Structures are given as structure tokens and as C-alpha cells.
Amino acid sequence: MAHLLLLAIVYVSFVSLGLPDAVMGVIWPAMRADMGQPLAALGVLTLTMTVCAALSAGFAGRIVARVGTGVVVAASCLMTALALVGFSVAPSFAWLVLLGIPLGAGGGAVDASLNHFVAAHYSSRHMNWLHGFWGVGATTGPAVMGLALASPGGWTRGILALGLAQLTLAALLWATLSLWRRERSQPADAAATREPPVVFKPVARRALWLAPLCFLFYVAAEMGTGLWAASILVNDRGISLAQAGFWVSLYFGAITAGRFGVGLVSERLGNRRLVRLGATLALAGAALFALPGLPALVSLAGLVLMGLGCAPVFPSLMHEAARRFPADVARTVIGRQMMAAYAGGSVIPAAFGLLATWVGLGAVMPVVMLLLIALLWATRALDRLT
37 MAHLLLLAIV
47 YVSFVSLGLP
57 DAVMGVIWPA
67 MRADMGQPLA
77 ALGVLTLTMT
87 VCAALSAGFA
97 GRIVARVGTG
107 VVVAASCLMT
117 ALALVGFSVA
127 PSFAWLVLLG
137 IPLGAGGGAV
147 DASLNHFVAA
157 HYSSRHMNWL
167 HGFWGVGATT
177 GPAVMGLALA
187 SPGGWTRGIL
197 ALGLAQLTLA
207 ALLWATLSLW
217 RRERSQPADA
227 AATREPPVVF
237 KPVARRALWL
247 APLCFLFYVA
257 AEMGTGLWAA
267 SILVNDRGIS
277 LAQAGFWVSL
287 YFGAITAGRF
297 GVGLVSERLG
307 NRRLVRLGAT
317 LALAGAALFA
327 LPGLPALVSL
337 AGLVLMGLGC
347 APVFPSLMHE
357 AARRFPADVA
367 RTVIGRQMMA
377 AYAGGSVIPA
387 AFGLLATWVG
397 LGAVMPVVML
407 LLIALLWATR
417 ALDRLT
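In my numbering, each residue's number is its place in the sequence shown (first place is 1) plus 36.
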């Protein structure tokens with residue numbers, strides 16, 4: 037019973053991790069008006085949070101080795117909660133940037149430590165569901181903010197509500213620290229205990245960097261498509277902004293729903309096969325979406341198909357890290373994977389903006405296809421080495 041309670045806490049923690057991830061874009065128009073900031077100032081805030089998240093994710097493995105996952109997750113959750121509450125009362129934009137440091141660092145530490153914990157102690161089913169619950173949080177956050185923006189309190193009330201929800205979770209995490217001691221015992225998940233003993237190949241130095249490179253390629257493709265699909269649909273395909281928003285939400289919805297669905301079959305198919313199938317399906321979907329001469333419904337179906345293909349890639353690659361490398365090495369590699377994921381989700385999609393300016397929006401999806409091809413190459417090489 038205790039391990040089921042712990043698993044529920046892990047899931048709720050990932051919902052909480054996803055809650056603030058998608059709200060900045062929703063509240064920024066109101067926030068910048070109150071703070072007297074230009075539109076581009078959002079880049080300063082998001083860059084601060086992304087850099088801090090990447091750095092904390094990279095160091096999380098060493099800290100977890102010393103104090104344990106439970107302490108890291110509880111402390112990080114408290115840090116993000118206080119930062120969100122601080123956002124709601126911040127008197128100036130400079131304070132928002134300063135508060136972005138603990139907000140990003142706390143999120144990165146939770147991300148890396150929970151991914152390693154689930155990879156080491158639970159089956160691939162739970163890893164897929166874990167990232168499905170992140171999608172639940174990322175979907176719920178903008179909805180909460182939409183209600184807050186329509187209320188007299190505005191965006192500050194919405195941010196305060198998220199901060200108080202995080203404080204509640206932090207209190208729960210501190211109260212249940214004893215449950216996390218299972219990490220020093222055998223895996224709690226019954227499916228994981230049925231897995232045969234893993235015999236590791238000698239660790240190849242190239243594999244230690246190929247694993248993060250896979251995440252750089254994948255997250256750049258997924259987030260780059262999510263960031264620029266609406267612009268492609270509106271400017272190149274003549275679709276209204278409302279319709280474009282609907283199809284982009286279907287893209288992210290397909291990723292979230294796909295992860296819950298994949299969890300039902302992941303133990304039968306295995307992580308490596310799921311990554312190959314998912315990346316191939318995503319490539320086919322990206323190709324359909326990239327071709328402007330196709331009927332509109334076929335092209336839009338390609339966008340949704342790409343989302344379904346993306347669904348198993350991130351969680352399956354993350355879960356497989358604990359099976360590719362010995363435990364002490366896996367902890368470090370997962371930290372590097374999270375750093376690469378943050379870089380791939382911020383730098384490359386932003387660079388797509390330059391590409392769209394210089395060449396045109398039609399060049400974005402061919403580059404996404406190249407990233408997915410590079411992902412397939414990197415995963416094949418990594419499979420041979422580990």
C-alpha cells in the first residue's frame with residue numbers, strides 16, 4: 037500500500053511540475069502591461085528560468101546521491117511554491133527575473149530527480165503515465181489562468197492560487213519523506229521486479245553523450261513544432277487563428293493521451309522498440325504536415341499523427357537510461373539528458389524564428405524532419421553501444 041501512495045505522490049508532483057510551464061504565455065500580455073515592459077522582455081524571464089532549470093537538473097544527481105530523492109523533491113517544491121507566491125506580489129519586473137531563478141532551479145531539480153526515481157524503481161508503463169500527468173498539469177495551468185484573468189484579481193490571483201497549491205504539495209512531501217526510503221531498496225513496482233537481471237556493457241564514453249543528444253534532437257522537434265505550427269497554419273495555410281489554436285491543442289493533446297495509451301502496452305513492446313516506432317510515426321506525421329500541396333485535413337492530420345508519434349519517445353528514452361547504464365552512471369546521464377532537453381526546448385525553437393525570417397516558415401518543418409532523422413540515427417548508435 038505504501039508504494040502505491042508514493043506513486044500517487046510522484047504523479048501529483050509531476051502534475052504540479054506541469055502547472056506553471058504553460059502559463060507565462062497566457063498571462064504575459066496582462067503582466068507586461070502592469071509592469072510596463074515591452075513584448076520581448078518575456079525572453080529575459082524565460083531564459084533565466086530555462087538556464088537555472090538546466091543547471092539544477094545537471095547537478096540534481098549528485099545532490100540526490102547525498103540526501104535522497106524525497107528531500108530534493110520536497111525542498112524544490114517548496115522553493116517553486118515560494119517563488120510563485122512571490123510572483124503574485126512582485127513590485128517590478130526585476131523582482132520577477134530574480135524570482136525566476138528559484139522557480140527554474142526548483143523545477144529542473146524536480147524534473148531530473150523524479151525522472152531518475154521512476155526510471156530506477158518503476159516500469160516503463162509508469163514512466164509514460166508520469167509524463168502524461170505532466171501534460172495534465174500543462175493543460176490545467178492555462179485554464180486556471182484563463183479563469184483568473186476573467187476575475188477582478190487578474191493574473192496575480194491565478195499565480196497566487198498556483199503558489200498555494202504548490203505549498204500544499206510541499207507540505208505533503210515533507211510529511212511523507214519516510215516513504216521515499218524505498219529508493220534504497222528493491223524496485224517497488226511488481227512489473228519491474230519481474231524484469232530479468234540487467235547485465236551492462238562496459239560504459240562507452242560516446243554513449244554518455246549520445247544519450248543527451250537524443251533528447252536535444254527530440255525536444256527540439258517536439259517543442260519547435262508546438263511553437264511554430266500555429267504561425268505556419270495562419271501565415272502559410274490561410275487558417276484562422278482560432279482554428280490554428282485548436283489544432284495545436286490537438287497536437288499537444290495527442291502527446292498527452294498517447295502517453296497514457298502507450299503505458300498500457302509499453303511493457304510488451306519495450307522501450308527501444310517504442311522509441312523507434314514513435315520517432316518513425318512522428319517523422320511520417322511531420323512529412324505530411326510539411327507538404328503544403330496536400331488537402332488541408334490531410335496536413336492537419338499529419339500534425340496530430342506527429343503528436344501521437346512523439347508520445348512514447350521522451351518517457352521511453354528516459355526509462356531506458358536506467359537499463360543502459362549502471363545506477364551511479366545513470367543518475368549522471370539523466371541529469372545531462374534533462375540539460376539537453378531544456379537546451380533543445382529553448383534554443384533551437386527560438387532559432388527557428390531566425391530561420392523563418394530569413395528563409396520563410398516553410399523551412400521549419402523540413403528542419404524538424406532532419407531532427408527526427410538525427411534522433412533515429414542517434415538512438416540506433418546508442419542501442420549498439422549499450
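We put the beta carbon where it would ideally sit given N, CA and C, even for glycine.
On a predicted model such as this, the values are computed, not experimentally measured, just so you know.
Quick check on the burial criterion: 16 or more other C-beta atoms within 10 angstroms. Buried or exposed for residue i?
i: residue 147; result: buried
i: residue 248; result: buried
i: residue 415; result: buried
i: residue 393; result: exposed
i: residue 138; result: buried
i: residue 312; result: buried
i: residue 298; result: buried
i: residue 301; result: exposed
i: residue 119; result: buried
i: residue 204; result: exposed
i: residue 316; result: exposed
i: residue 360; result: buried
i: residue 318; result: buried
i: residue 491; result: Outside the displayed range of the chain (37 to 422) lies residue 491, so it cannot be described from this structure.
i: residue 420; result: exposed
i: residue 108; result: buried
i: residue 390; result: exposed
i: residue 304; result: exposed
Does the ligand HEM have a heavy atom nearer than 8 angstroms to the CB of residue i?
i: residue 144; result: As far as ligands go, the structure on display features none, and thus does not contain the ligand HEM.
Below 8 angstroms CB to CB, which residues in the same chain sit around residue i once its five sequence neighbours on both sides are set aside?
i: residue 340; result: 283, 286, 287, 290 and 321
i: residue 306; result: 160
i: residue 273; result: 328, 332 and 335
i: residue 198; result: 55, 56, 59, 120, 177 and 180
Can you give me the C-alpha to C-alpha distance between residue i and residue j, rounded to a whole angstrom?
i: residue 111; j: residue 142; result: 8 angstroms
i: residue 337; j: residue 324; result: 8 angstroms
i: residue 332; j: residue 370; result: 40 angstroms
i: residue 228; j: residue 310; result: Confidence at residue 228 is low in this model, with a pLDDT of 48, below 50, so the placement of that residue should be treated as unreliable; the coordinate-derived value is given next. About 17 angstroms.
i: residue 364; j: residue 374; result: 16 angstroms
i: residue 161; j: residue 206; result: 26 angstroms
i: residue 156; j: residue 362; result: 10 angstroms
i: residue 242; j: residue 127; result: 48 angstroms
i: residue 353; j: residue 314; result: 11 angstroms
i: residue 154; j: residue 44; result: 12 angstroms
i: residue 105; j: residue 149; result: 6 angstroms
i: residue 93; j: residue 70; result: 32 angstroms
i: residue 329; j: residue 335; result: 9 angstroms
i: residue 326; j: residue 350; result: 22 angstroms
i: residue 357; j: residue 217; result: 22 angstroms
i: residue 268; j: residue 276; result: 11 angstroms
i: residue 80; j: residue 129; result: 10 angstroms
i: residue 196; j: residue 181; result: 10 angstroms
i: residue 412; j: residue 245; result: 15 angstroms
i: residue 260; j: residue 200; result: 32 angstroms
Looking at chain C, is there any beta carbon in it that lies within less than 9 angstroms of the beta carbon of residue i?
i: residue 288; result: Of the protein chains in the structure, only one exists, and it is not chain C.
Could you pull out every residue in the same chain whose Cβ sits closer than 7 angstroms to the Cβ of residue i, ignoring the five residues on either side in sequence?
i: residue 383; result: none
i: residue 53; result: 143, 146, 147, 170 and 173
i: residue 271; result: 397
i: residue 190; result: 66 and 184
i: residue 72; result: none
i: residue 135; result: 119, 122, 123 and 126
i: residue 355; result: 155, 160, 163 and 307
i: residue 77; result: 68 and 129
i: residue 202; result: 52, 113, 116, 117 and 120
Mind checking which residues open and close the alpha helix (DSSP H) that includes residue i?
i: residue 312; result: 307-326
i: residue 190; result: 190-211
i: residue 387; result: 363-394
i: residue 138; result: 129-157
i: residue 351; result: 349-360
i: residue 413; result: 400-421
i: residue 112; result: 105-125
i: residue 248; result: 241-267
i: residue 178; result: 160-185
i: residue 45; result: 38-54
i: residue 340; result: 332-346
Apart from the five residues just before and just after residue i, which ones in its own chain have a Cβ nearer than 6 angstroms to its Cβ?
i: residue 294; result: 344 and 347
i: residue 257; result: 404, 407 and 408
i: residue 115; result: 138 and 142
i: residue 42; result: 215
i: residue 264; result: 388 and 400
i: residue 378; result: 86, 89 and 90
i: residue 368; result: 97
i: residue 380; result: 252, 255 and 256
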